[in-house]
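Participant:
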Amino acid sequence: MIGPDVRLHACIKTGAYGCDVLEVAKRLSDLRVDALCCGTFDEAVMVRTALPDMQLIMFAAALPEGIPLYLRHGLTPTIHNLELAKAVSASAEKPTKVHIKVDAGGGRIGFPFPEAKSAIREIAGMKNVLVEAVYMHLPFVDAPGKEFAQQRTTEFCNIVEALRREGLNVPVTQARASNAVMMGLKDNCNAVAISSLLYGKASAPRDLADFSSLRPVLRAVKSRLIQVHPDFPGKTVGITTSGKQGRSARPFSGATGVIPFGWRDGYAQPASAQTAYVLIRGERAPVLAVNSELSVIDLSRLPALQIGEEVTILGTDGKGAITLDDLSIWQGTGQSAVLARMSNRSPKIFIG
Ligand SMILES: *Cc1c(COP(=O)(O)O)cnc(C)c1O
25 MIGPDVRLHA CIKTGAYGCD VLEVAKRLSD LRVDALCCGT FDEAVMVRTA
75 LPDMQLIMFA AALPEGIPLY LRHGLTPTIH NLELAKAVSA SAEKPTKVHI
125 KVDAGGGRIG FPFPEAKSAI REIAGMKNVL VEAVYMHLPF VDAPGKEFAQ
175 QRTTEFCNIV EALRREGLNV PVTQARASNA VMMGLKDNCN AVAISSLLYG
225 KASAPRDLAD FSSLRPVLRA VKSRLIQVHP DFPGKTVGIT TSGKQGRSAR
275 PFSGATGVIP FGWRDGYAQP ASAQTAYVLI RGERAPVLAV NSELSVIDLS
325 RLPALQIGEE VTILGTDGKG AITLDDLSIW QGTGQSAVLA RMSNRSPKIF
375 IG
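Under our numbering, the first residue of the sequence shown carries the number 25, and numbering increases by one thereafter.
1. Pairing CB atoms from the stretch 151-169 with CB atoms from the stretch 117-127, are three or more of them under 8 Å?
2. Compare the beta carbon distance of A279 and L221 with 7 Å and say whether it is the shorter of the two.
3. CB I91 to CB A59, shorter than 7 Å?
4. So does R128 have its beta carbon nearer than 6 Å to some heavy atom of ligand 1?
5. Would M366 and G42 be called neighbours here (beta carbons separated by less than 7 Å)?
6. Drop a sphere of 10 angstroms on the beta-carbon of S316, count the other beta-carbons inside from all chains shown, and report buried for 16 or more, exposed for fewer.
7. When burial is assigned at 16 or more other CB atoms within 10 Å of the CB, is L363 buried or exposed?
8. Alpha carbons only, please: which of D54, V71 and G290 is nearest the one belonging to T357?
9. What residue does the alpha helix (DSSP H) around K246 start on, and which one ends it?
10. What is the DSSP secondary structure of Y94, counted as helix, strand or coil?
11. Considering S319, what are the terminal residues of the alpha helix (DSSP H) in which it resides?
12. The alpha helix (DSSP H) that contains I183, what's its start and end?
13. Quick test of your reading: F65 and A85, contact by CB under 8 Å. State the CB separation rounded to the nearest angstrom.
14. Ligand 1 and A83: does the residue's C-beta get closer than 6 Å to at least one heavy atom of that ligand?
15. Does the Cβ of C35 lie closer than 6 Å to at least one heavy atom of ligand 1?
16. Does the stretch 324-338 come close enough to the stretch 240-257 that 3 or more CB-CB pairs lie under 8 Å?
17. Return the first residue and the last residue of the alpha helix (DSSP H) that R51 is part of.
18. According to DSSP, is Q359 helix, strand or coil?
19. For the alpha helix (DSSP H) that P138 lies in, which residues bound it at each end?
20. Would you report the Cα separation of Q79 and S277, rounded to the nearest angstrom?
21. DSSP has I399 in a bridge; who is on the other side?
22. Would you say A201 touches ligand 1, meaning its beta carbon is less than 6 Å from a heavy atom?
23. According to DSSP, is K118 helix, strand or coil?
24. Among the residues of its own chain, which have a CB less than 6 Å from the CB of D341, if the five just before and after it don't count?
25. Contact defined as beta carbons within less than 8 Å: I believe G262 pairs with L312. What is the distance between those atoms, to the nearest angstrom?
26. Would you please state the rounded distance, in angstroms, between the beta carbons of L32 and A49? I believe it to be under 8 Å.
27. Are the beta-carbon atoms belonging to P195 and E156 less than 7 Å from one another?
28. Under 6 Å: does the beta carbon of I218 sit that close to some heavy atom of ligand 1?
29. Might you give, ordered along the chain, the residues of its own chain that have their beta carbon closer than 6 Å to the beta carbon of A199, omitting 5 neighbours on each side?
30. Helix, strand or coil for M82 per DSSP?
31. Identify which residue in R145, G131 and M206 has its Cα closest to the Cα of A167.
32. Name, in chain order, the residues that DSSP records as bridge partners for D127.
33. Distance check for A228 and V165, CA to CA, integer angstroms please.
34. Just the C-alpha distance for V282 and P294, rounded to the nearest angstrom, thanks.
35. Taking its Cβ as the centre, do 16 or more other Cβ atoms sit within 10 Å of A273, making it buried, or is it exposed?
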């Protein structure tokens, strides 16, 4: 999909999107990706221990005083201001590769287009600083965004080309990420940095690209009933809270169950006017409350269940399925946010 002779920089940021940073890193290394892009220093150090020879690109997260630590662990810093470049120059004892980030227009980090060319030239002139790559990241999700992204990508390529004509040849250039690949943006760069697609996650609305061949890496999130309550007269569910948005436990009739999976585990209370569901015996059962460590499930439409019954929060069970799309709609947030929340605490089982 990314074309021949294009380097693949595979992202393991955001806690590898609900998966396991180290296991995902090892698998991607086995698959011979060209570099891994890390979100945090601690994760990068962990991966470095397991993969001594892999290039680890640090996405932005550093202050200049953190640079010596990056270099000690053989991490490739992203340079998004001159202070970081000077810190590399001051602490590097030999020529050291850096990747320069250009701000594609998101207003986050990187050199803005008008400054990029002179900044890159200045950094390339610093002692012991080797500009290995120039890159940008342009998140966009819709048709007007695609047009903007293509225009920005072309401008980016023009900056790189202008530098080349002036005698500064940057070996690695990267503008495309998942959406640019899926929506067919054109560039003449020789690398891509991809996260969403690697995890089998649609990165844009389905009508803009065909994501049907992707399979989710996080296959399922499961729990089990640790408590079953039959119906009883005067039954209520939920927690009575006080304060401005105070609410009372509400009357409920029917059986209920409890799973030891709450927002501490990355679950979330459904957005207003949304009902979330889990699967039990292939059937959807509504979620009545999500608390810090526990969630309450409506079992009123299911046969009498015992504790220990399997509950599927994400994934398939018999004919039933709960997809990442479902969870992100119910929780009123993006798919990445749903996955990132769930990368915290639950033990993981690796298959395949
Ligand atoms: C996350 C990220 C990417 C890849 O993201 P996609 O999900 O593929 O869009 C690329 N570059 C940077 C800087 C990123 O933070």
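Where is the CB? At the ideal position from N, CA and C, for every residue including glycine. Keep in mind the model is a prediction, meaning the values are calculated, not measured.
Facilitator: According to the structure data:
1. Under the Cβ criterion (8 Å, minimum of three pairs), the stretch 151-169 counts as touching the stretch 117-127.
2. Walking along the sequence shown from the start, residue 279 turns up at place 255. Walking along the sequence shown from the start, residue 221 turns up at place 197. No.
3. Translated into positions along the sequence shown, residue 91 becomes position 67. Translated into positions along the sequence shown, residue 59 becomes position 35. Not in contact: I91 and A59 (Cβ atoms no closer than 7 Å).
4. Numbered from its first residue, the sequence shown carries residue 128 at position 104. Note that residue 128 is Ala in the sequence shown, not Arg. Judged by the Cβ position, A128 fails to qualify as a neighbour of ligand 1 at the 6 Å threshold, every heavy atom of the ligand being at least this far.
5. Your numbering for residue 366 matches position 342 in the sequence shown. Your numbering for residue 42 matches position 18 in the sequence shown. Cβ distance < 7 Å, so M366 and G42 count as in contact.
6. Indexing the sequence shown from 1 puts residue 316 at position 292. With fewer than 16 other Cβ atoms within 10 Å, it is exposed.
7. As a working mapping, residue 363 is identified with position 339 in the sequence shown. Its Cβ being crowded by 16 or more others within 10 Å, L363 is buried.
8. Translated into positions along the sequence shown, residue 357 becomes position 333. Closest option to T357, Cα to Cα, is G290.
9. The residue you call residue 246 lines up with position 222 of the sequence shown. First-last for K246: V245 to R248, but that is the beta strand (DSSP E), not the alpha helix (DSSP H).
10. In the sequence shown, residue 94 corresponds to position 70, counting from 1. In the structure shown, Y94 falls within a helical segment according to DSSP collapsed to helix, strand and coil.
11. Stepping through the sequence shown from its first residue, residue 319 is reached at position 295. Following the DSSP letters along the chain, one finds S319 in no alpha helix (DSSP H) but inside the beta strand (DSSP E) bounded by residues S319 to D322.
12. Residue numbering aside, residue 183 sits at position 159 when the sequence shown is read from its first letter. Element bounds for I183: A167 to R189.
13. As a first step, residue 65 is located in the sequence shown; it is residue number 41 there, counting from the start. As a first step, residue 85 is located in the sequence shown; it is residue number 61 there, counting from the start. With 8 Å as the limit, F65 and A85 qualify as a contact, their Cβ atoms being about 7 Å apart.
14. To locate residue 83, count along the sequence shown from 1; it is residue 59. Ala is not the amino acid found at residue 83; the sequence shown has Phe there. Yes - ligand 1 has a heavy atom lying nearer than 6 Å to the Cβ of F83.
15. Within the sequence shown, the letter at position 11 stands for residue 35. At least one heavy atom of ligand 1 is nearer than 6 Å to the Cβ of C35, so yes.
16. They touch, by the three-pair rule.
17. One-based indexing of the sequence shown puts residue 51 at position 27. Boundaries of the alpha helix (DSSP H) harbouring R51: V45 to D54, taken from the DSSP string.
18. Along the sequence shown, one-based indexing puts residue 359 at 335. The three-state reading of DSSP puts Q359 in helix, counting H, G and I together.
19. Residue 138 sits at position 114 when you count from the first residue of the sequence shown. F137 to A148 is the extent of the alpha helix (DSSP H) around P138.
20. Along the sequence shown, one-based indexing puts residue 79 at 55. Along the sequence shown, one-based indexing puts residue 277 at 253. Taking the straight line from one Cα to the other gives about 58 Å.
21. Absent from the structure is residue 399, since the part of the chain shown begins at 25 and ends at 376.
22. What you label residue 201 is simply residue 177 of the sequence shown in a count that begins at 1. Within the cutoff, so yes.
23. Here residue 118 corresponds to residue number 94 of the sequence shown, with the count starting at 1. Secondary structure at K118: coil, using DSSP grouped into helix, strand and coil.
24. One-based indexing of the sequence shown puts residue 341 at position 317. Cβ within range, chain order: L303 and G306.
25. As a first step, residue 262 is located in the sequence shown; it is residue number 238 there, counting from the start. As a first step, residue 312 is located in the sequence shown; it is residue number 288 there, counting from the start. With a contact defined as Cβ atoms closer than 8 Å, G262 and L312 qualify at about 7 Å.
26. Position 8 of the sequence shown, counted from the first residue, corresponds to residue 32. Position 25 of the sequence shown, counted from the first residue, corresponds to residue 49. The distance from the Cβ of L32 to that of A49 is about 14 Å, inconsistent with a contact at the 8 Å cut-off.
27. Along the sequence shown, read from residue 1 onward, the residue named residue 195 stands at position 171. Along the sequence shown, read from residue 1 onward, the residue named residue 156 stands at position 132. Remark: C-beta atoms of P195 and E156 approach each other more closely than 7 Å.
28. Indexing the sequence shown from 1 puts residue 218 at position 194. Yes.
29. Counted from its first residue, the sequence shown places residue 199 at position 175. Residues of the same chain with a CB within less than 6 Å of the CB of A199, apart from the 5 flanking positions on each side, are M160, T177, F180, D211 and C213 in chain order.
30. Counting from 1 along the sequence shown, the entry for residue 82 is found at position 58. Residue state, collapsed to three classes: strand.
31. Working through the sequence shown from its first residue, we reach residue 167 at position 143. When C-alpha distances from A167 are compared across R145, G131 and M206, the shortest belongs to M206.
32. In the sequence shown, counting from the first residue as 1, residue 127 sits at position 103. According to DSSP, which records beta bridges pairwise, D127 is partnered with P136.
33. Reading the sequence shown from its first residue, position 141 is the one you call residue 165. Reading the sequence shown from its first residue, position 204 is the one you call residue 228. If I take the Cα positions, the gap works out to 5 Å.
34. In the sequence shown, counting from the first residue as 1, residue 282 sits at position 258. In the sequence shown, counting from the first residue as 1, residue 294 sits at position 270. Using only the alpha carbons, I get a separation of about 16 Å.
35. The count along the sequence shown starts at 1 and reaches residue 273 at position 249. Exposed, because fewer than 16 other Cβ atoms sit within 10 Å of the Cβ of A273.
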